[in-house]
Each structure stands twice: as structure tokens, then as C-alpha cells.
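Take a look at the structure set out below.
2 protein chains.
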Amino acid sequence: MERADAARNRRAILRAAEELLASHEVSEVSMDRVAAAAGVGKGTVFHRFGNREGLMRALVESRVESLSTAISSGPPPLGPGAPPAARLTAFFDAVVELATRNVKVLAAFEQASTDRLSSPIYVAWHAHVTGLIASASPALDASLVAHLLLGSLHSDLMVRFLRTGETDRLAAALRSMVSTLLR
Amino acid sequence: MERADAARNRRAILRAAEELLASHEVSEVSMDRVAAAAGVGKGTVFHRFGNREGLMRALVESRVESLSTAISSGPPPLGPGAPPAARLTAFFDAVVELATRNVKVLAAFEQASTDRLSSPIYVAWHAHVTGLIASASPALDASLVAHLLLGSLHSDLMVRFLRTGETDRLAAALRSMVSTLLR
DNA sequence: TACTATATGGACCGACGGTCAAGTTGTCGA
DNA sequence: TCGACAACTTGACCGTCGGTCCATATAGTA
Numbered sequence: 008m009e010r011a012d013a014a015r016n017r018r019a020i021l022r023a024a025e026e027l028l029a030s031h032e033v034s035e036v037s038m039d040r041v042a043a044a045a046g047v048g049k050g051t052v053f054h055r056f057g058n059r060e061g062l063m064r065a066l067v068e069s070r071v072e073s074l075s076t077a078i079s080s081g082p083p084p085l086g087p088g089a090p091p092a093a094r095l096t097a098f099f100d101a102v103v104e105l106a107t108r109n110v111k112v113l114a115a116f117e118q119a120s121t122d123r124l125s126s127p128i129y130v131a132w133h134a135h136v137t138g139l140i141a142s143a144s145p146a147l148d149a150s151l152v153a154h155l156l157l158g159s160l161h162s163d164l165m166v167r168f169l170r171t172g173e174t175d176r177l178a179a180a181l182r183s184m185v186s187t188l189l190r
Numbered sequence: 008m009e010r011a012d013a014a015r016n017r018r019a020i021l022r023a024a025e026e027l028l029a030s031h032e033v034s035e036v037s038m039d040r041v042a043a044a045a046g047v048g049k050g051t052v053f054h055r056f057g058n059r060e061g062l063m064r065a066l067v068e069s070r071v072e073s074l075s076t077a078i079s080s081g082p083p084p085l086g087p088g089a090p091p092a093a094r095l096t097a098f099f100d101a102v103v104e105l106a107t108r109n110v111k112v113l114a115a116f117e118q119a120s121t122d123r124l125s126s127p128i129y130v131a132w133h134a135h136v137t138g139l140i141a142s143a144s145p146a147l148d149a150s151l152v153a154h155l156l157l158g159s160l161h162s163d164l165m166v167r168f169l170r171t172g173e174t175d176r177l178a179a180a181l182r183s184m185v186s187t188l189l190r
């Protein structure tokens, strides 16, 4: 078990990191700064999260939690029950919206990550999308198409569309691509 | 004009960087190492290329040159003259092959780059693909679909498929997606 | 040959991610 | 209630990185 003070510090560190990311460029949010903002020694941050990638992953995971449960056990069309095509569009709508609200966190994670394709979240999402594509349109190389579609969540692209306020356009194009591909 | 000794050093630096990237992990190829391998002072490297991103961009550009001219003025189907769909598949075939042979260089550039979507090469390729999609299938959001398709060249994905020797599979899936989308 | 714009090299800089040994504190069984 | 021990905290410290700077050297020119 994690001691009470340890848990308190974990929360303080996550909150500090979020706030710093919200108000500064990703490259300006160093581990030292996070520690200082959390009112904690640098060593504590590394003790809790291992390294920069671990901290950023924890941040992403906390932002993504509710979507994950909605997918696996929530009501349709996001959750199980709806036809694959409907679940797919619902998923991409939700995920674009989520990414829009958390570009900075996403970017920080991508940048710190040595292999984002192996992160638990990416793996889970990829499996989800692959399964839906495969069952809706068996002729496609589902896994590969899933990689391509998930590529739209790259922080690079998100940042670009967010800057010009065109994130709806991204969602719309994704919808139309999904329906075209599955037809 | 660039002085003769300067030109010689430029070539030596580019060659050293290529060799180091071929034989080491991207993260192990520091600017110091490149300078040492080129038999040149560190200051010279920065004087020639500005910063790490500049060096890596120069490297990418040198590897990409022949494809660029083949696209703008070579014979069909890569060059002008063929129908858009054919040019598109030819382009992606060529670009996947190119990326396959240069993953390390690509990865190093991506990692060093602050905004890869603004790099001259990406901009040119994106414009090319956008134009072809728009003329083949006006109903699509051409620019956005182009971003998505070009996402397949991300070093992350390339590395993964290269490791398992499945780079043909990537090319094949890309071909089939292009034809499905343009239908 | 003499002059100058250009190029060179490596000591130096601040910042970064990460480590660690020494001190502190929550927790829990007696 | 009170030790005792494991878990936790801390910040000085480390090696490395990208990048700067300027005294020195040299290619090109007239």
C-alpha cells in the first residue's frame, strides 16, 4: 500500500503538472518546475513516477479514464450494443473532443514517450478500433487502417487544427472517412 | 558563396551524421559525436547547420531530392501526365520505399523538429497529395485526408513495420485505402 | 604580397533528466 | 502507548546535452 503522505504528494504532483502544462509551453515544464510547483522535492517526483514519461503517462491516463469505461461498459453507441460503424463514429467523436481539451497533456506525453505505440492507452484504443473495423468490413487490413485513423490524434495535427479552431472539421472528416471506408 | 573548405566540411558532417545514424540509436547521435566523427569542431557543425534540427533537415532533404524532382518533372505515373489516382498510388509506393530505406534519418528529424508539419518537405508532399485527392474526388476534405495518409510515414509506424519486415503490407494497405477513398 | 571576409575549434554555459545517501515520518504489532 | 521498521522525502550532485563565443587561422582576391 501507498502511505497517506505519498498519496497526497502524488495528487499534488499531478495537479501541479496539469496547471503548468495549461499555462506554459510543453518544453518549459521541466521536472524541477513540476516539483517546485507541487511543493515537493525533485526526488519525490521521480520516486512516484519513475521518470518524465511515467509522469506524463499518469497524466494522460487520468484524463482518459472515463472514456475507457464508457467504451467497455457504458451505454451505446460508445459502449457495446450498437453496430460497429456507429460505435466507430461515436468513438472518434469522443476521442477528438477529449484530445481537443487535452492537447498539451497529449503533446507532453508523446514527446516524453520512447514508444507511444506500446503505451497501454494506445494499445487499447488500437485494439478497439481494429475490432470494430474488422467486424464491419473484413476485407480491410483492419489493424493498419486503425493505425492510420488514430494518427489523426497526433498532437501535431491536433495543435494545428486547434489553433485555427477547426477541430469540428477534423471530427467531420474522420466521420466521413470511416463511413466511406466501411461501405 | 561558400568557401571551398566550408563546402568540404559540410559534406564531411553530413556523411558522418549518416554513418552514425546507421550504426547507432538516434538518441546516441549527439552533435558532439557528429562533430568528432566528421573530424571537425563542434562550433563548425552549428555554424554550418544552425542547430540540430537544421542538420537533420539537411540530411532528410539530401535523401529526398531525387523523389522531389521525379514528382515535379519526371515521367508518369510519378510525374505529371497520369490520372490522379495512379499518381497517388505511385507516390505512396515511392515514398514508403524511401522511408523504409531511411527510417533512422526520418526519426532523427522528427524528434529534433519543433514543427514537422511546417517543414518544406512535408508542406510540399502535403500540397501534392491534397491536389491529387481534390481533383480525383472533390467531395472529400482533401487537405485533411492528405494529412491522414501522410501520417503513415511517421517514424513510429515505419519502425514498427520495418522491424517485422511488413513494409509491403503498409504499402498495400495504403494503395487499397487510396483506391477506396477515391472511388 | 597584403588584406579581409569567412571559417574554425573547443572551452564554456545553463538547463535538463536522473541518482542517491542521509535524514524524516507514517504505520502497526506488541 | 510506544518503539521499530519500512516507506518516504530531500536537494546536492552527476553526466550529458544543445548551443554560444571569440581568439585564431585560412581561402580568395586585387
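For the protein sequence lines, the chains are A and B, in the order given. Under my numbering, the first residue of the first sequence carries the number 8, and numbering increases by one thereafter. Under my numbering, the first residue of the second sequence carries the number 8, and numbering increases by one thereafter. Yeah, the Cβ is synthetic: ideal placement off N, Cα and C, and Gly gets one too.
One or two residues paired with residue i in a DSSP bridge
i        : result
Pro87(B) : Ala89(B)
Other residues of its chain near residue i: CB distance less than 6 Å, five sequence neighbours each side excluded
i         : result
Leu139(A) : Pro91, Arg94 and Leu95
Ser144(B) : Leu189
Pro83(B)  : Ala89
Ser34(A)  : none
Test item: CB-CB of residue i and residue j under 9 Å
i         : j         : result
Gly114(B) : Met184(B) : The residue asked about is misnamed: residue 114(B) is Ala in this sequence, not Gly. It is not a contact, given that the beta carbons lie outside the stated cut-off.
Met63(B)  : Ser150(B) : no
Glu117(B) : Ser69(B)  : no
Glu26(B)  : Ala43(B)  : no
Trp132(A) : Val152(A) : no
Gly86(B)  : Ile78(B)  : yes
Val47(A)  : Asn16(A)  : yes
Ala179(B) : Asp148(A) : yes
Leu74(A)  : Leu28(A)  : no
Met38(A)  : Arg10(A)  : no
Thr187(A) : Thr137(B) : no
Ala14(B)  : Val41(B)  : no
Phe99(A)  : Arg182(A) : yes
Below-9 Å beta-carbon distance, residue i vs any chain A residue
i         : result
Asp163(B) : yes
Ser159(B) : yes
Ser73(B)  : no
Leu95(B)  : no
Ser69(B)  : no
Leu151(B) : yes
Asp122(B) : yes
Ser183(B) : yes
Leu28(B)  : no
Thr107(B) : no
Leu139(B) : no
Asp148(B) : yes
Cutoff 9 Å: residue i Cβ touching any chain B Cβ
i         : result
His154(A) : yes
Arg167(A) : yes
Asp175(A) : no
Ala180(A) : yes
Thr171(A) : no
Leu62(A)  : no
Leu113(A) : no
Thr187(A) : yes
Contacts around residue i, its chain only, beta-carbon distance under 8 Å, and the 5 residues preceding and following it disregarded
i         : result
Val71(B)  : Leu105 and Ile128
Phe168(A) : Thr174, Arg176 and Leu177
Residue i CB to nearest heavy atom of the ligand MG below 8 Å
i        : result
Leu85(A) : The ligand MG is not part of this structure, which contains no ligands at all.
Contacts around residue i, its chain only, beta-carbon distance under 7 Å, and the 5 residues preceding and following it disregarded
i         : result
Val141(B) : The residue asked about is misnamed: residue 141(B) is Ala in this sequence, not Val. Answer for Ala141(B): Ala149, listed in chain order.
Lys49(B)  : Met38, Asp39 and Ala42
Ser80(A)  : Gly86
Using 8 Å as the threshold, is the region 149-159 of chain B in touch with the region 108-115 of chain B, meaning 3 or more CB pairs across them? Touching, no, given that fewer than three Cβ pairs across the two stretches are closer than 8 Å.
Do three or more CB pairs link the region 12-21 of chain A to the region 52-63 of chain A at distances below 8 Å? Enough Cβ pairs lie closer than 8 Å, so yes.
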